[in-house]
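Protein chains in written order, with the working numbering: chain A, 1 to 889; chain B, 1001 to 1112.
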């Protein structure tokens, strides 16, 4: 029989129990065990013992007395000493605070930008229950129509068939001329379901918040538009005139809403009820399945899920479309509201979509800069440990535990981060306008409680991250080795070297990324686009009010535009006036598609022009001839295709033939234009058909899609150099040709640049980040240089006495850094290469990265770094050795 | 009662420490409480009560002699401090004072 308590229970007790308490507790338990053995069965005694061991497992038994003091006890004493030490070593402190505060400031600015991008549409209380509907028609591999804009009938369809939805909201938009006869603006007016405001959290400032759009003659306006139209007057009940088709209708302002937040995908200033749909759409369009015009949003009920809808929706669709499509061809799906802004995988609706890559890249850069700043502190603090050996030795002899030393050093680093936080926030506030101006990102710094809390958490994390390693290293020194004067610092030095390498890796990465982004942007600007957009101005024309069909819309507008064109010809500074349905720099050129009599599917972009458009943009022909302004036949029948279209069609296009199709209509190809990049360089040149009239093409077109309004624009080249005079000319002649309408004009070049806006912004941000990280890294290097030269003062003195020259000592000092810099730079190359290659895949036309970028960025970084440390090392090398050797210590 | 307030079990343990004089260690205290009251705390609760009392300065402790059934391990012996004694006196006085104020009515049937 076992007369001993269970071994494992004993071991457990010995493990967790505070050694000071172990003897008495174990003794007491043994005594009880013994007594139980004598009075009862041994299993009972063992169980009692186990039970008592488990019962002993409590905090007061576990806690070691020494442990009672928490590790991070930030007593006033600690802070007092920390500030004294910081004050004593002012140079180091300033370097540290500067580095950290630059890091914090850029973290704030960029972090806020990233947060803003991530926070899109998150302000709606029921954001997780709201989805946007998409439509994807899949007929074969090439023939896919994927749209976030849906047929208007979806609203009723979803409402009728799915009880899962609490609300189905239709959001549509149209451009109308708004305002009184003598002052009309071309405005985008949203046409929304009246329940819109029940689903989305847009704030109603005045008017009935329960029912902001009571009837079809009501209009909701934003507060900034209330000021635009009515000034300081109360807008409620006032009338706004909107030209809808031929009719001018009056809408009564029923409510004013706060301007939609910047981080809202749905953004509008004027909204009317979709009870007006019968005026806006023909009956056919209202019932259509294959023509899209409005966004549809759904609000899923609290106890329902979108999955049940997704599984049932094919049956509903087939109930309507049996015989017209096969199962699986007509797909309706749902995209979460909060997914809209950063998911380029689903096509655009009305709202622009951000590029999630850029957001993540920026977030990554933020963290990098903070890391560089923290590493700075760490390397400097480890370096400084040489100076503090004696202090540590004395403290330890006086009885300091490692824990209390760690807490002392962490107090120091947190104190530094705290100061850096204050400086950093001030910096961020001061730099905010410049940052916004530089990047075009509209960031605001809101010091909300969460942000303040986050700032303090950041401070704590940075303080601990930066200070932890030095604290452990400093406090872990053996007293004897310190007092013997030994250093045992080889391991530390390796760590410090590693840190410098890492810091430089990041810096060179940022510098070379900047150069690569720049190179790509320059490349795109220097590419021969196939047309000349220099000094070309584009003026959108207004359609005649009676325009009904697309033909009226395009051809009628061009006809009416002749008046303005005639008037402008009299000015010598205005050359080559042409008209066209699309202009370079605007995405979404018209697209037509059809199936020919062999069942093959064809899709082209389409451009309607007048004969002078080619001249304006200097588009060249490779075969055949351009449109002849004198030829009536050209106007009616002739078309021109681009080289891509010729290749796409495949056979040798003979002049005079027509496009492949079952009902080619009355058209003939008269020429092939040299390829030009009518879309941004993110994509390859697509097949394009250019025509003067719609009739000759549209007879065979099955589908068309216009991302950009096909409303013709007048384009001309301005050879003068006075911007103000062209504005005067346009103002004068516009007022004569289009009295009462608003004039808009744009430089094509500006629009072209706008296509690469996010790349330009990325470039600016990466440049700023690169410069900042370089500054921070250099601050760190200065500090290190000072420390290293100081700790080697005696060595330098002796070397000089023995006969070393200034240059050889300088070389020796620089050498100790140079290798690390070079290693860091070299390691960064493959890393950068891989990352930037990924980025370049966004473009159809990519620049070759090449070795030059890396050589230049390595040279720049190393040169700047060496330059920075040169000053100090030179001074150390030139010091009088007598002074050096006199230093006691 | 100014300063120290102690709970029910604490009071019992404190009394036992006082009454056991020089033999007061956890197992003994537990036994005394079992014999003299209707409570039977296990030894671990006595441990934690003793630690609490020591922290409050009501008892002192020192390591005492060992015995064979403890596997040669020493006991921690507790003694009452003056403060501990004062607390007990105070409790007793309060009790007696309040008790004496119970109305005579309730004492009827019991001859005094």
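In this text, a Cβ means the ideal position worked out from N, Cα and C, and glycines have one as well.
_Residue(s) in a DSSP beta bridge with residue 336(A)_ = Beta-bridge annotation (DSSP): residue 336(A) is paired with 131(A).
*Does residue 1085(B) come within less than 7 Å of chain A when only Cβ atoms are used?*
Cβ-Cβ to chain A under 7 Å: no for residue 1085(B).
*Please state if the CB of residue 885(A) and the CB of residue 803(A) are separated by a distance shorter than 7 Å.*
No, the Cβ-Cβ distance between residue 803(A) and residue 885(A) is not below 7 Å.
_Rounded to the nearest angstrom, what separates residue 261(A) and residue 56(A) at their Cα positions?_
When rounded, the distance between both Cα atoms is 59 Å.
_Comparing C-alpha positions only, which one of 775(A), 764(A) and 4(A) sits nearest to residue 110(A)?_
Looking at 775(A), 764(A) and 4(A), the one whose alpha-carbon comes closest to that of residue 110(A) is 764(A).
*Any idea what DSSP makes of residue 1047(B), helix, strand or coil?*
It is helical.
*asked:* Going by beta-carbon coordinates alone, are residue 467(A) and residue 410(A) separated by less than 7 Å?
replied: A contact, by the Cβ cut-off of 7 Å.
*asked:* Which of the three DSSP states is assigned to residue 602(A) in this structure?
replied: It is a strand residue.
_Check whether residue 781(A) and residue 865(A) have beta carbons under 7 Å apart_ = Cβ atoms of residue 781(A) and residue 865(A): closer than 7 Å.
*Give the interface partners of residue 32(A) over in chain B, defined as CB-CB distance under 7 Å, in chain order.*
Within chain B, the residues whose beta carbon sits less than 7 Å from that of residue 32(A) are 1027 and 1043, listed in sequence order.
*In chain A, which residues lie less than 8 Å from residue 1073(B) when you measure between Cβ atoms?*
Those within 8 Å of residue 1073(B) in chain A are 23, 24, 26, 27 and 30.
*Nearest chain A C-beta to residue 1069(B) closer than 7 Å, yes or no?*
Residue 1069(B) counts as touching chain A.
*chain B beta carbons: is any one of them nearer than 7 Å to that of residue 55(A)?*
Yes, residue 55(A) counts as interfacial toward chain B.
*Rank 683(A), 646(A), 650(A) and 680(A) by C-alpha distance to the C-alpha of residue 669(A) and give the top, closest one.*
That would be 646(A), whose Cα lies nearest to the Cα of residue 669(A).
*Would you give the residue range spanned by the beta strand (DSSP E) that residue 1074(B) belongs to?*
Looking at the DSSP string, the run of the beta strand (DSSP E) that includes residue 1074(B) is 1074-1080.
_residue 1005(B): contacting residues in chain A (beta-carbon distance under 8 Å)_ = In chain order: nothing, as chain A lies at least about 19 Å away.
*Check whether the Cβ atoms of residue 714(A) and residue 539(A) lie closer than 7 Å to each other.*
Yes, the pair counts as a contact, with Cβ atoms nearer than the cut-off.
*When the Cα atoms are used, what is the spatial distance from residue 169(A) to residue 440(A)?*
The C-alpha of residue 169(A) lies about 33 Å from the C-alpha of residue 440(A).
_If we define contact as Cβ-Cβ less than 7 Å, is residue 1048(B) a contact residue for chain A?_
Interface residue, yes.
_Complete runs of the alpha helix (DSSP H) confined to the stretch 612-662 of chain A [at least 4 residues]_ = Listed in chain order, the complete alpha helix (DSSP H) runs (minimum 4 residues) inside the stretch 612-662 of chain A are 613-617, 632-637 and 643-649.
_Please identify the residue among 176(A), 196(A) and 252(A) whose C-alpha is closest to the C-alpha of residue 742(A)._
Nearest C-alpha to residue 742(A): 176(A).
*Whose C-beta lies closer than 6 Å to the C-beta of residue 590(A) among residues of the same chain, with five residues either side of it excluded?*
Taken in chain order, the residues that qualify are 606, 706 and 710.
*Find the residues of chain B that neighbour residue 52(A), judging by a C-beta separation of less than 7 Å, and give them in chain order.*
Contact of residue 52(A) with chain B by beta-carbon distance below 7 Å involves 1042, 1043 and 1044.
*Within its chain, find whatever has a CB closer than 6 Å to the CB of residue 412(A); leave out the 5 residues flanking it on each side and keep chain order.*
For residue 412(A), the CB contacts under 6 Å within the same chain, skipping 5 residues up- and downstream, are 82 in chain order.
*Using the Cα positions of residue 400(A) and residue 478(A), report the straight-line distance between them to the nearest angstrom.*
Straight-line Cα distance between these residues: approximately 12 Å.
*For residue 355(A), which residues from the same chain have a beta carbon less than 7 Å from its beta carbon, with the 5 sequence-adjacent residues on both sides left out?*
Excluding sequence neighbours, residue 355(A) sits near 344 and 758.
*Near residue 144(A), what residues of its chain come up, given a Cβ to Cβ distance below 8 Å and the 5 sequence neighbours on each side ignored?*
Same-chain partners within the cutoff: 136, 137 and 138.
*Tell me which same chain residues have a C-beta within less than 8 Å of the C-beta of residue 67(A), skipping the five on either side of it?*
Reliability of the predicted coordinates at residue 67(A) is poor, the pLDDT of 49 falling under 50, and the value obtained from them is presented with this limitation in mind. Residues of the same chain with their beta carbon placed closer than 8 Å to that of residue 67(A) are lacking, with the five preceding and five following residues left out of the count.
*Looking at the structure shown, is residue 705(A) part of a helix, part of a strand, or coil, going by DSSP?*
Shown here, residue 705(A) sits in a strand according to DSSP, grouped into three states.
*In the structure shown, what three-state DSSP assignment does residue 668(A) receive?*
DSSP places residue 668(A) in strand when its eight states are reduced to three.
*Flag residue 60(A) as yes if its beta-carbon sits less than 7 Å from any beta-carbon of chain B, otherwise no.*
Taking a beta-carbon distance threshold of 7 Å, residue 60(A) counts as an interface residue toward chain B.
*asked:* Restricting to runs no shorter than 3 residues, where is the beta strand (DSSP E) found entirely within the stretch 155-212 of chain A?
replied: Entirely contained in the stretch 155-212 of chain A, the beta strand (DSSP E) runs reaching 3 residues are, in chain order, 165-178, 185-192 and 204-207.
*asked:* Am I right that residue 239(A) and residue 178(A) are in contact with their C-beta atoms under 8 Å? What's the rounded C-beta distance?
replied: So it is not a contact: roughly 11 Å between Cβ atoms.
*Could you tell me which chain A residues have their CB closer than 7 Å to the CB of residue 1076(B), listed as they occur along the chain?*
Taking the beta carbon of residue 1076(B) as reference, the chain A residues within 7 Å of it are 24, listed in sequence order.
*Any idea what DSSP makes of residue 243(A), helix, strand or coil?*
In this structure, DSSP gives residue 243(A) an extended state, which the three-state scheme calls strand.
*chain B contact for residue 20(A) (CB, 7 Å cutoff)*: Not closer than 7 Å to any Cβ of chain B, the Cβ of residue 20(A) fails to qualify, so no.
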